[in-house]
Each structure stands twice: as structure tokens, then as C-alpha cells.
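Below: one structure, written as C-alpha cells.
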Amino acid sequence: MQNLLHNLNPEQLAAVTLPAQSALILAGAGSGKTRVLTTRIAWLIQTGQVSPAGILAVTFTNKAAKEMMTRLSAMLPINTRGMWIGTFHGLCNRLLRAHYRDAALPQTFQILDTQDQLSMIKRMLKALNIDDEKYPARSLMYFINNAKEEGQRANDVVAVDDYTRMFVQLYDFYDQQCQREGVVDFAELLLRTYELLSRNQPLREHYQARFKHILVDEFQDTNNLQYKWLKLMAGRGSAVFAVGDDDQSIYAFRGANVGNMAAFEREFQVENLIKLEQNYRSHGYILDAANTLIAHNAKRLGKNLRTDAGHGEPIRIYEASNDLQEANWIIEESKSLIAEGVSRSEIAVLYRSNAQSRVIEHALFTAGIPYRVYGGQRFFERAEIKHAIAYLQLIDNPHNDSAFLRVVNFPTRGIGARSLELLQDTARQRGLSLHDAAAHVPGKAGTLLTGFVRMIENTRNDASLLPLPEMVQVVLDMSGLITHYQNEREGADRIENLEQLVNAAMLFISEEGFGKSSPALLGPQAQPMAGEAIVNQDGFEIMDADAPLATVMSPLSAFLSHASLEAGDNQAEAGQDAMQLMTVHSAKGLEFDAVFITGLEEGLFPHENSAKDEAGVEEERRLMYVAITRARRRLYISFSQTRMLHGQTRFNMKSRFFNELPEEALKWLSPKVQHHWFAQQQKAAWMDTPSRPLSSAQKDSGWRIGQSVHHQKFGEGVIVNIEGGGGNARASINFGPHGMKLLDLSIAKLEKVE
DNA sequence: GAGAGTGATATGCCT
DNA sequence: TATCACTCTC
15 MQNLLHNLNP
25 EQLAAVTLPA
35 QSALILAGAG
45 SGKTRVLTTR
55 IAWLIQTGQV
65 SPAGILAVTF
75 TNKAAKEMMT
85 RLSAMLPINT
95 RGMWIGTFHG
105 LCNRLLRAHY
115 RDAALPQTFQ
125 ILDTQDQLSM
135 IKRMLKALNI
145 DDEKYPARSL
155 MYFINNAKEE
165 GQRANDVVAV
175 DDYTRMFVQL
185 YDFYDQQCQR
195 EGVVDFAELL
205 LRTYELLSRN
215 QPLREHYQAR
225 FKHILVDEFQ
235 DTNNLQYKWL
245 KLMAGRGSAV
255 FAVGDDDQSI
265 YAFRGANVGN
275 MAAFEREFQV
285 ENLIKLEQNY
295 RSHGYILDAA
305 NTLIAHNAKR
315 LGKNLRTDAG
325 HGEPIRIYEA
335 SNDLQEANWI
345 IEESKSLIAE
355 GVSRSEIAVL
365 YRSNAQSRVI
375 EHALFTAGIP
385 YRVYGGQRFF
395 ERAEIKHAIA
405 YLQLIDNPHN
415 DSAFLRVVNF
425 PTRGIGARSL
435 ELLQDTARQR
445 GLSLHDAAAH
455 VPGKAGTLLT
465 GFVRMIENTR
475 NDASLLPLPE
485 MVQVVLDMSG
495 LITHYQNERE
505 GADRIENLEQ
515 LVNAAMLFIS
525 EEGFGKSSPA
535 LLGPQAQPMA
545 GEAIVNQDGF
555 EIMDADAPLA
565 TVMSPLSAFL
575 SHASLEAGDN
585 QAEAGQDAMQ
595 LMTVHSAKGL
605 EFDAVFITGL
615 EEGLFPHENS
625 AKDEAGVEEE
635 RRLMYVAITR
645 ARRRLYISFS
655 QTRMLHGQTR
665 FNMKSRFFNE
675 LPEEALKWLS
685 PKVQHHWFAQ
695 QQKAAWMDTP
705 SRPLSSAQKD
715 SGWRIGQSVH
725 HQKFGEGVIV
735 NIEGGGGNAR
745 ASINFGPHGM
755 KLLDLSIAKL
765 EKVE
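Residues in the first sequence are numbered from 15 upward in steps of one, following this note's numbering.
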């Protein structure tokens with residue numbers, strides 16, 4: 015125990031050793047949050063307050079869950095695999111597998127990722143002959159997911175207009191369709207589990223009694239359903255240990271509700287609110303900047319980071335005249351950092367939106383500096399992998415129509431659109447899945463379709479007793495995927511990926527504790543349950559969804575869940591020592607010796623879509639806070655007067671966030687920058703494209719695009735466009751925080767600012 | 001069924 | 001500007 019608590023600071027120690035009551039830990043950036051969380055679990059177990067089975071630890075990402083398990087195994091000689099540590103979705107999956115009957119799901123239900131969900135909705139809209147101009151699939155998807163995240167089924171949604179009524183009806187259809195096919199989307203995993211436990215008293219009480227300690231990571235990111243889910247799991251007796259940072263809440267746009275922190279404090283009668291404010295990551299000036307900036311947010315629980323490290327170096331600010339120049343400056347600074355001995359992987363370039371990465375990538379490429387961009391396509395999202403997975407899904411659950419349609423004619427088998435229409439009609443009329451309807455289709459189409467179905471069945475028969483990796487191999491061969499890609503010009507990479515899938519299957523069974531030779535399709539292995547038996551409302555004895563996945567699902571089902579729930583690495587080839595390029599969002603949780611935050615311009619950061627209301631600006635500010643606190647020793651912030659975006663040159667003002675940083679922590683590097691207009695000319699020359707000719711309006715009015723101006727009411731702005739001429743000329747002016755204004759040049763009292 | 005052509009569309013992205 | 005999904009054409 016000495017060991018465990020060794021080296022914790024007083025705040026951390028207090029948090030780790032709290033009594034068994036609900037507590038809220040406000041953990042600032044770099045304050046040792048994960049350490050506190052894992053040490054807390056280890057401490058509870060080691061002091062005999064709870065057994066590993068009595069712990070429920072929830073995270074948002076698989077990465078965080080894995081990290082927690084790794085650290086925990088290092089602290090205690092226990093097998094973490096059987097513990098209930100996982101993502102919300104992963105844990106729900108486990109519960110639903112164990113209690114599939116009570117949850118009214120087929121044992122082999124499958125999980126739709128976002129892509130699958132969208133294509134399913136599109137298919138449904140088409141089948142129902144719905145005008146997709148009026149009711150776009152994407153909007154419907156958001157509507158459905160939002161409703162589910164509010165805990166609402168179709169008939170819970172209050173529709174005030176016809177449009178919404180239509181959506182509600184489609185939501186209902188969608189749910190029915192999912193149920194028929196035996197598939198669930200991400201939100202459904204949570205909602206279904208929530209409903210299962212709220213309706214099923216014995217089950218609920220069983221788990222409530224079991225999980226004496228519930229620990230939640232990144233609590234500020236919980237959405238409303240997740241919060242309700244936690245309340246239900248906790249019941250009255252469990253202690254919930256919630257760790258979060260309201261200042262790092264940057265996912266409101268996808269339903270996260272920071273308000274859950276305040277609600278938690280109130281509803282769980284939190285007596286223990288502990289703030290972890292000691293920062294072990296960044297130097298003083300960097301923390302000063304973060305603290306000063308975030309203090310501008312009105313809605314905060316309040317927290318201030320401090321460090322024992324000295325001031326360190328000031329934050330370097332650079333003003334570029336255009337985005338190319340900004341990129342080149344990053345290259346130059348990086349080169350000198352590297353020359354100073356900073357390794358490339360310790361240098362990160364952050365940007366607000368992905369579109370900004372292009373210019374920087376180009377410059378890095380030209381300079382011959384290795385770099386890595388986060389956020390590309392992930393392994394399980396690749397088309398060829400999706401195809402292979404679809405075959406596996408059909409073997410596991412033939413009623414999955416999405417999977418059926420994905421591969422029925424891939425590789426091509428002469429089953430065209432008309433045959434499929436026939437099949438879908440037949441299926442609808444008879445209330446069958448596509449797979450089952452195939453036998454009822456007459457003619458040549460029918461022959462081809464039954465041929466496909468037979469191929470699936472044969473594969474299932476041939477492979478059912480094989481271990482998972484070998485099954486995957488058989489599927490690759492029998493489906494014709496490998497042959498197909500062999501004949502394709504650029505199929506080599508795809509074949510390589512498909513072979514990787516066999517490896518992934520191998521790795522998966524060994525990690526999840528499936529027997530090396532246990533048949534892929536064998537149902538849950540009959541193993542003695544660690545938990546006590548419980549009896550459900552119908553008098554059936556049910557098993558606790560205890561321990562490894564192996565006890566509640568077949569290797570194949572488990573692997574398919576894994577493929578949906580964990581899309582795999584989304585960072586490009588690791589290995590080489592490369593500079594790191596990523597959005598600010600994906601930088602959350604990471605840290606680097608040197609960080610560049612780029613594009614600090616009004617409209618970009620804060621983003622124009624968020625700057626309309628105060629809540630949006632506050633989230634952008636938190637985003638900037640996250641960006642700043644990624645840096646350990648050196649921080650650069652840059653902005654540019656002009657920038658190419660969507661094929662057009664934009665004139666931006668520097669971000670309002672500059673006014674919210676402490677001047678004494680900053681060092682302005684900017685050389686005398688050319689005037690906007692010259693910058694544009696020069697850039698045009700560089701890019702070898704003709705510059706925009708002066709319009710008559712620009713010549714006549716004495717004003718020009720790019721001119722900085724001052725307005726009595728709106729302050730400083732930049733002319734973005736001029737229309738009309740002579741006395742009627744009007745200009746669009748970007749006033750940053752005040753937005754874009756269209757002003758009559760002869761009326762508005764504008765002053766030129768040089 | 002592949003490839004060309006069209007047009008909408010462009011903040012962030014985990015599960 | 002560039003990408004992507006989708007339709008059209010041979």
C-alpha cells in the first residue's frame with residue numbers, strides 16, 4: 015500500500031482515499047487524472063473494500079479503457095481482463111449479450127457503425143419512396159440519434175409539426191427494421207441497456223448490488239442518456255467516483271452535456287469535491303496563458319492550474335500574411351527545434367479544422383520532414399475490410415440485410431439492380447429477410463440469388479468448427495474477395511489489408527481469452543459463473559454477464575462487435591519519428607514538448623459556426639484551452655491575414671483569443687508583415703495564378719479588398735468584398751466578433767487602418 | 001459494370 | 001478548390 019500511494023500529492027491522495035461516497039474530482043489538464051483513477055481502483059481492492067468484481071469503470075474510448083487496464087495490472091497482481099472496465103458501448107454490448115432474451119434481441123445481434131446506420135436509413139427511405147431532398151437521410155440519422163440520446167423512442171417524441179411527425183414515423187420504421195434484421199446502432203446499445211435495466215427489477219437490483227464502486231472518466235463528456243444510465247446503475251447504494259474537467263468539455267456538438275457535472279453534484283449529494291490543480295506537464299507561462307484565457311468563460315466550476323516548474327519560455331506569436339507563409343514559418347521553427355535536439359514526434363502542429371492541414375503537409379513534404387497526420391481512415395472502415403466483415407456478419411446472422419446487400423454482388427455475380435429490386439419486393443411482401451426471401455424469387459435472378467445464399471451456407475458449414483482466424487481465411491477464399499482484388503490493378507494493398515484481418519482475428523482471440531482452437535461459431539462457453547445466479551421476472555435463471563466476452567458470446571460474434579466498436583487505429587503508419595499533425599479535438603489527452611497552434615483567426619478559431627452565441631464561443635475557448643495545455647515546454651501560436659479556403663481567399667482578423675492571453679507571457683515574433691494587398695499579389699505570383707483584376711468598384715471608391723478599417727461601433731475590421739461602384743459602393747466587412755457587415759461606403763464612417 | 005460526368009458541399013469525430 | 005456520392009452512358 016505504501017507503494018500505491020507513494021508520490022501522490024495531497025490532493026491526489028485525498029481523492030484516491032476518499033470514503034465510499036459519491037465524489038466529483040475536478041481534474042485539470044496534466045494533473046494526473048488517469049493516475050488518480052487507477053490508483054483509486056487499486057487502493058479500493060487492496061484495502062479489501064471491494065473485490066475486482068464490484069468495480070465498474072467507464073471510459074469513452076477504447077484507448078482510455080486499455081490504458082486503465084494496463085496501469086492497473088502494473089499496480090496489482092490481478093487479471094484485469096475479467097473486470098468491468100470499458101467504454102459505455104463496450105459494457106452495454108456485454109450486458110446485452112448476456113441478457114439478450116430479456117433485451118428482446120437475437121443472440122447474434124450485430125452493431126451498426128455510423129456508416130452502416132446511414133446506408134440502412136438510405137435504403138429504408140428508398141424502399142418507402144420518401145423524397146430524400148425533403149427528408150435527407152443524414153438529418154434523419156441525427157434526429158434518431160438525438161432522440162435516443164435523450165432516452166426517447168419514437169412514441170416519446172413530441173412532434174409539433176408535420177415535418178417532425180414524418181421524422182417520428184420514420185424513426186419508428188427504422189427501429190422496426192433494425193429489430194427485424196437483428197442489428198443495433200451505437201445509441202441503441204445504450205438505450206436498450208437502459209430500458210432493460212429499468213424494466214427488469216431483479217436484473218437491475220443484481221447489478222446495483224454488485225457494482226459498489228462506479229468510476230467514470232471524462233465525466234464532462236457524458237450525454238444525457240449516459241448520465242441516466244449511470245444513475246440507474248448506481249441505484250442508491252453505489253459510490254460514483256466521477257472524474258472530469260469542465261474546462262475541457264469540447265464535445266457539446268455531439269450531445270455531451272457539461273451540465274451533468276453540476277447535476278451530479280446535486281443529485282448524488284456530493285460532499286467530496288476535490289480539485290486537482292497541480293500541473294505536472296507545462297511550464298509557467300503556458301499555464302498562465304491557459305488560466306487567463308479560460309477565466310473569460312462565465313460558466314465554470316472554477317479551477318486554476320499551477321506548477322512548480324518555472325516560467326519557462328514565453329509563448330511565441332507569429333503573424334503571417336498568408337497561409338503559405340505560416341506553413342513555411344512552422345517548417346523553419348521546427349527545423350531549429352529539431353536541431354536543438356527535440357525529436358520530431360515531440361512536435362505537434364494543431365489546427366481547428368482539417369482543411370488547414372493541406373498547406374502544412376505540403377510544406378513539410380517539400381522540406382522533407384517526416385510527418386504523420388491523425389484522423390485518416392481506420393482499419394475496420396476500409397472498404398475491403400467492410401466487405402469481408404459483411405460476409406462474416408452473414409455467417410453469424412443471415413438476417414442482416416445491410417451486410418447482404420453490401421456483398422451479394424461483390425465480387426460481381428451478375429446480380430444487378432433489377433434482381434435486387436425483385437428480391438426486396440419479395441422480402442417485403444413475405445416479411446422475410448433478404449437471405450430468406452432469395453428462395454422465393456423466380457427465374458434467373460432467383461437462381462443466382464439462391465446460389466449466393468448457398469455459398470454463404472456452405473461457408474458457414476465448412477468453417478463453423480474452425481477457429482476464428484481460419485474461418486476468416488476461409489471466408490476470404492470462398493467469397494472470391496482475394497481473387498477479385500488479385501485481378502484489380504491496385505488490389506495489392508487491399509489484399510494486404512485482408513491478410514491483416516486474419517492477423518487481427520488471431521490477436522483478438524488471444525487478447526480476449528478465447529481458446530486458441532475454440533470454434534468460431536460455438537456459442538458462449540459453458541463456464542461456471544463467478545457471479546451469483548439471478549432469477550428474472552419470468553422465473554428463468556439468468557447468468558450474470560460476468561467476466562470475459564468468452565462467457566457470453568461466440569468468438570465470431572465477439573470479433574464482429576470488436577470490429578464495430580473499435581474501428582482500429584486512425585493514425586497513419588507509426589514507427590518513424592515524425593512530426594504530429596492533428597486537429598485540436600484529436601489532440602485532447604496528448605502532450606508534446608513543442609506545440610504549434612495555427613490559424614488563430616476570427617471565423618476559424620473561434621469557428622464562425624460557433625461564434626454566433628455565447629455558449630459556442632465558450633466551447634471554442636475551451637478548445638483553445640485544450641490546445642494550449644498540450645504543450646510542455648514550448649508553445650507557438652500563429653495566425654494569417656489571408657488564407658485559401660474552399661478555393662477562395664479569405665481575409666481574416668486575428669482571433670479575439672489574443673486579447674484574452676496575458677501579454678507578459680507572449681513574445682511577438684512577427685516581422686513587419688506586408689500589407690494585405692501586397693500579400694495577395696505576392697501569393698498569386700507564387701502560386702502562378704493570375705491575381706484578381708481590380709474591379710471598377712475598387713478603383714473608384716478608394717477602398718480595396720483586404721483594407722483594414724475602423725468603424726465607430728464595430729471596431730476594427732477587414733474589407734472582404736466590394737460591390738457596386740461610385741457613390742453606391744457597398745462593402746462586406748468582417749468585424750470579427752461583431753460578424754460580417756454589409757456597409758454603404760458613402761454612409762458608414764470608416765477610417766483606414768494601416 | 002466500369003468509367004465519366006454531375007452537383008452538392010465543406011467544424012470538430014468517439015462509439 | 002477538391003472531394004465525394006450519385007447518376008448517366010456505353
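We put the CB at the ideal spot given by N, CA and C, even for glycine.
Looking only at DSSP bridge pairs, what is residue i linked to?
{"i": "residue 786", "result": "Beyond the ends of the chain as shown, which are 15 and 768, falls residue 786; an answer cannot be given."}
{"i": "residue 481", "result": "533"}
{"i": "residue 258", "result": "40"}
{"i": "residue 765", "result": "724"}
{"i": "residue 776", "result": "This structure does not reach residue 776, given that the chain is present from 15 up to 768, and the question cannot be answered."}
{"i": "residue 608", "result": "361 and 648"}
For residue i, collect the residues of the same chain with a Cβ closer than 7 Å to its Cβ; drop the 5 residues on either side in sequence, then sort them by chain order.
{"i": "residue 432", "result": "none"}
{"i": "residue 188", "result": "135, 138 and 158"}
{"i": "residue 554", "result": "Per-residue confidence for residue 554 stands at a pLDDT of 43, beneath the threshold of 50, marking its modelled position as unreliable; no derived number is given."}
{"i": "residue 369", "result": "659"}
{"i": "residue 81", "result": "48"}
{"i": "residue 18", "result": "53, 56, 57, 60 and 89"}
{"i": "residue 328", "result": "299, 679, 680 and 681"}
So what's residue i in DSSP terms, helix, strand or just coil?
{"i": "residue 717", "result": "coil"}
{"i": "residue 10", "result": "Residue 10 is absent from the model: the chain starts at 15 and stops at 768."}
{"i": "residue 96", "result": "helix"}
{"i": "residue 594", "result": "strand"}
{"i": "residue 118", "result": "coil"}
{"i": "residue 151", "result": "helix"}
{"i": "residue 464", "result": "helix"}
{"i": "residue 84", "result": "helix"}
{"i": "residue 125", "result": "strand"}
{"i": "residue 70", "result": "strand"}
{"i": "residue 101", "result": "strand"}
{"i": "residue 508", "result": "helix"}
{"i": "residue 380", "result": "helix"}
{"i": "residue 567", "result": "coil"}
{"i": "residue 457", "result": "helix"}
Closer than 6 Å by C-beta to residue i: which residues in its own chain qualify, once you throw out the five before and the five after it? Chain order, please.
{"i": "residue 98", "result": "70"}
{"i": "residue 31", "result": "none"}
{"i": "residue 455", "result": "436, 437, 440 and 463"}
{"i": "residue 703", "result": "A caution first: residue 703 carries a pLDDT of 37, below 50, which makes its placement in the model unreliable, though a value can still be read off. So no residue of the chain qualifies."}
{"i": "residue 52", "result": "82, 85 and 86"}
{"i": "residue 508", "result": "398 and 499"}
{"i": "residue 578", "result": "125 and 127"}
{"i": "residue 24", "result": "none"}
Among residues of its own chain, excluding the 5 on either side of residue i, which ones have a beta-carbon nearer than 8 Å to its beta-carbon?
{"i": "residue 192", "result": "126, 134, 198, 199 and 202"}
{"i": "residue 593", "result": "348, 358, 359, 361, 362, 363, 378, 383, 384, 385 and 386"}
{"i": "residue 263", "result": "234, 235, 270, 272, 633 and 636"}
{"i": "residue 266", "result": "272, 629 and 633"}
{"i": "residue 212", "result": "218 and 246"}
Beta strand (DSSP E) runs contained entirely in the region 268-355, provided each spans 3 or more residues: 286-290 and 329-336
The region 595-602 in contact with the region 70-83 per 3-pair CB rule at 8 Å: no
Inter-stretch contact at 8 Å, needing at least 3 Cβ pairs: the region 305-312 / the region 631-649: yes
Any alpha helix (DSSP H) of 4 or more consecutive residues that is wholly inside the region 610-671: 628-642
Stretch pair the region 273-285 + the region 54-65: three plus CB contacts closer than 8 Å: no
Contact the region 173-192 vs the region 98-108: 3+ CB pairs below 8 Å: no
Sufficient close CB pairs (3 or more, under 8 Å) joining the region 34-43 to the region 276-294: yes
At least 3 beta-carbon pairs within less than 8 Å: the region 404-414 vs the region 647-663: no
The region 602-611 in contact with the region 568-579 per 3-pair CB rule at 8 Å: no
Beta strand (DSSP E) segments (min. 3 residues) lying fully within the region 383-426: 385-387
Any beta strand (DSSP E) of 3 or more consecutive residues that is wholly inside the region 191-262: 227-230 and 253-258
Three or more C-beta pairs below 8 Å linking the region 616-628 and the region 663-673: yes
Inter-stretch contact at 8 Å, needing at least 3 Cβ pairs: the region 414-428 / the region 445-452: yes
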